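Right, one structure below, let's go through it.
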Amino acid sequence: MFRVDENCNFALLYKGFQPMNQSSLVSISDISREEILSLLEQARYFENHPNHKILDGKVVATLFFEPSTRTRLSFETAVNRLGGRVIGFSDASTTSSTKGETLKDTIKMVSNYVDLIIMRHYLEGAARYATEVTDVPIINAGDGANQHPSQTMLDLYSIYKTQGRLENLDITMVGDLKYGRTVHSLLMAMRYFNPRFKFVACDELKMPVEYKIFCDENGIEYTEYTDFSPEVINSTDILYMTRVQRERFTDIMEYEKVKNLYNLHNSMLDGSRDNLKILHPLPRVNEIALDVDDNPKAYYFQQARNGLYARQALICRALGIDVTKLKESDK
Ligand code: CP
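The numbering used here applies: residue 140 is where the sequence shown begins, and numbers increase by one.
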């Protein structure tokens, strides 16, 4: 449906390149530890003061080449609550991409109209590529199985809010660790905070080797499991469940083989730590049973709500708006 200029792996082409506009957010590795902590403070500020007029006169584009509920709607709510305006699309089949317009041309066109582009694309590296063809800042709202950095900011905010710290936590990631871009981004962000990871996945959906090398290079402890056992659950602070990403499989029979392997039920939480919180980027399919929803340890709906505040902070970062001054002016 959508023709790109270079019919190849963008991630390989653009790995290691700096975005043209330093306000862009393509990978979580674009953000330092200090900046992460500052953005979390800003998210907390927006949670308490969500409505402002600081984007008055600004127009933001949301270009979603892949389906989304939370990411697009929370970004758009964030812009609206900050007094800006939104243009864009949630379905690329209604755009001129169906006539053969390239990603490059689409980005250049939209750049004529807006101050910020928030973009989700099914190709890894597409957001990085977009930063190479425009001066308008780009926020990556998910590129294939690669990265989802704004999700990571809300995950970090959720972890911080529920645990009171980011440091020295036992984090268990379960399910599709191969294609799940949220676990890739979160793993990279946690390098500043001395986590101990458990990776629970079948052989077909194991954490890719490049992320395990990343752990080794950054002194991050991790253990791999295929069993989702009580021992794993009961030694965990953050249980990060993921959906098997059906849309990434080229062979649907492969998907059918692995889609029901890891399911969390309420009774499995009986021996878990008091501070355990269950996160999930959502949407879920069957990996968290409905009987978990009423358990106080289930945090995934609040987690999605935190996305609004984290994304307000990220939009301000991209547009060079100093939230510290905003806080001071409230005094
Ligand atoms: N977590 C997440 O990216 O959800 P959506 O696909 O609904 O945006």
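Quick reminder that beta carbons are idealized off the backbone N, C-alpha and C, glycines included. Keep in mind that this is a model prediction, so the values were computed, not measured.
Measuring only from the beta carbon, is V420 closer than 6 Å to any heavy atom that is part of the ligand CP?
The amino acid at residue 420 is misidentified as Val; the sequence shows Pro. Yes.
Closer than 8 Å by C-beta to S162: which residues in its own chain qualify, once you throw out the five before and the five after it? Chain order, please.
If we look at S162 and ignore the five residues flanking it on each side, its Cβ neighbours are P276, R456, A457, L458 and G459.
Determine the contact status of E205 and R267, defining contact as a CB-CB distance below 7 Å.
No, the Cβ-Cβ distance between E205 and R267 is not below 7 Å.
Would you mind sorting H404 into buried or exposed? The rule is 16 or more other CB atoms within 10 Å of its CB.
Exposed is the call here.
Is F214 near T233, with beta carbons less than 7 Å apart?
Their beta carbons are not under 7 Å apart, which means F214 does not touch T233 by this criterion.
In or out: V348 buried (at least 16 other Cβ within 10 Å) or exposed?
By the neighbour-count rule (16 or more Cβ atoms within 10 Å), V348 is not buried but exposed.
Is S207 a contact residue of the ligand CP, with contact defined as CB to any heavy atom under 6 Å?
Checking the Cβ of S207 against the ligand CP gives yes.
In whole angstroms, what is the alpha-carbon distance linking Y361 and Y379?
Cα to Cα, the separation comes out at about 14 Å.
By DSSP, does D144 sit in helix, in strand, or in coil?
Caution applies to D144, whose pLDDT of 41 falls short of 50 and renders its modelled position unreliable; the model cannot decide the point.
Contact defined as beta carbons within less than 8 Å: I believe I278 pairs with L242. What is the distance between those atoms, to the nearest angstrom?
Going by Cβ atoms, the distance from I278 to L242 rounds to 16 Å, so no, they are not a contact pair.
Determine the closest residue to D169 out of N187, T291 and N434, with distance taken between C-alpha atoms.
Among N187, T291 and N434, the Cα nearest to that of D169 belongs to T291.
Could you tell me the distance, in whole angstroms, from the CA atom of G314 to the CA atom of E180?
The straight-line gap from Cα to Cα measures roughly 31 Å.
Would you check if the segment 381 to 397 and the segment 435 to 444 touch, i.e. whether three or more CB-CB distances between them fall below 8 Å?
No contact exists between the segment 435 to 444 and the segment 381 to 397.
Taking 7 Å as the limit between beta carbons, can you name the residues of its chain near Y261, skipping five residues before and five after?
Result list for Y261: F204, E205 and G283, in chain order.
Throw me the rounded Cβ distance for the E263 and N285 pair, which I believe falls under 8 Å.
Between N285 and E263 the Cβ distance is about 4 Å, and since that is below 8 Å, they are a contact.
On the DSSP bridge assignment, give the partners of R259 in chain order.
Its beta-bridge partners are F203.
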